[in-house]
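According to this note's numbering, the sequence shown holds residues 12 to 296 in order.
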Amino acid sequence: MVVLKSVSEVRAWRRRVRADDASVGLVPTMGAFHQGHLSLIRRAVADCDVTAVSLFVNPTQFGRGEDLESYPQDLERDVELASREGVDVLFAPPTANMYAEGYATWVEVERLTTGLCGRFRAGHFRGVTTIVLKLLNVVQPDRAYFGEKDYQQLAVIRRMVQDLDLECEIVGMPTIREPDGLAMSSRNAYLSPEQRRAALVLPRSLTKARQLIESGQRSAGKVLRAVKSRFAAEPLASLQYAEIVDPDTLEPVERCDRDVVIAAACLVGDTRLIDNQMVKLRERA
Ligand code: AMP
């Protein structure tokens, strides 16, 4: 595996790969790898002739007061893990290489970015789509891999790729969880043992919500009340939002009579956690 630090090095690598006619996979990450990242990487390595992983803590997707400065970083460990998985290129550029002096261009996906996390993280998705488009331009992958854990991000990126006629298949991958159900996240490292226990209210309340829908509850309002009452009983966690939305448009639904996504975000101390569950209804009412 080679570690490349600049756009020009990646371009030179890509030209060589193109000469070989090999398929290229890209896994964009912010590092501090856990099993969620590794599941994406494994799938890319299995699917593609060559795999690139990008590792870039993208400052433009963090808001003021968010955790950009404290975001967990361990390049040495990530290099070791990626290389063990058979990754060919780890692209870890310094910030100035992605956002040079005078940088002024942004990508904005409308509508899909206004609800859910968009309400609480102004500018976040603009930062995400901008960096992902830049990475797709530089690496020019045939496929790029994203986790369903960040469901809104995945939907927004699919929309961008479709709207801007990008020639890249977006592959969504299931959420990898700890044995007790908490979705893996680099941010879980911030939690104290007490907070770690309290954080379980997030997956558990979403599982409860999914079960309610699966057993016939059709009122989104009633399902969401059950989520809220679980949070009310957990003093260390505060719910930012819980919504039941259409899987494609992300618009809230009132009736759970078709496939829906239940998505939520909460704060445990200063740590913001998100999770979601897809509900597939075999019989559509
Ligand atoms: P991040 O480094 O947090 O930006 O995540 C990089 C990629 O890994 C994104 O596509 C995430 O959706 C995905 N990811 C993060 N956590 C998980 C998880 N627990 N399961 C599956 N994918 C994940």
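For each residue, glycine too, the CB sits at the ideal point set by N, CA and C.
By DSSP's criteria, residue i is part of a beta bridge. Which residues make up the other side?
i, result
"residue 286", "275"
"residue 255", "273"
"residue 157", "183"
"residue 101", "14 and 64"
"residue 208", "Per DSSP, none; premise fails for residue 208."
"residue 266", "230"
"residue 40", "66"
"residue 250", "277"
"residue 194", "188"
"residue 35", "61"
Cα separation between residue i and residue j?
i, j, result
"residue 180", "residue 153", "6 Å"
"residue 83", "residue 89", "11 Å"
"residue 249", "residue 20", "45 Å"
"residue 87", "residue 240", "43 Å"
"residue 158", "residue 268", "25 Å"
"residue 46", "residue 116", "33 Å"
"residue 109", "residue 138", "12 Å"
"residue 260", "residue 54", "27 Å"
"residue 48", "residue 40", "7 Å"
"residue 149", "residue 247", "43 Å"
"residue 123", "residue 75", "22 Å"
"residue 147", "residue 106", "17 Å"
"residue 243", "residue 176", "45 Å"
"residue 277", "residue 33", "42 Å"
"residue 15", "residue 230", "51 Å"
"residue 185", "residue 194", "10 Å"
Mind checking whether the beta-carbon of residue i lies closer than 7 Å to any heavy atom of the ligand AMP?
i, result
"residue 160", "yes"
"residue 157", "yes"
"residue 23", "no"
"residue 273", "no"
"residue 171", "no"
"residue 144", "no"
"residue 135", "no"
"residue 65", "no"
"residue 47", "yes"
"residue 186", "yes"
"residue 289", "no"
"residue 40", "yes"
"residue 197", "yes"
"residue 123", "no"
"residue 81", "no"
"residue 202", "no"
"residue 51", "yes"
"residue 194", "yes"
Is there a C-beta anywhere in chain B that falls below 8 Å from the one on residue i?
i, result
"residue 60", "In the structure shown, chain B does not exist; there is a single protein chain."
Within 10 angstroms of the Cβ of residue i, are there 16 or more other Cβ atoms? Answer buried if so, exposed if not.
i, result
"residue 286", "buried"
"residue 24", "buried"
"residue 290", "buried"
"residue 99", "buried"
"residue 119", "exposed"
"residue 170", "buried"
"residue 125", "exposed"
"residue 104", "buried"
"residue 113", "exposed"
"residue 265", "exposed"
Stretch-stretch touch, CB-based, cutoff 8 Å, three pairs: the stretch 274-290 with the stretch 193-204: yes
Would the stretch 252-271 count as touching the stretch 222-230 if we require 3 or more Cβ pairs under 8 Å? yes
Across the stretch 203-213 and the stretch 59-79, are there enough close Cβ pairs to call them in contact, namely three or more that are closer than 8 Å? no
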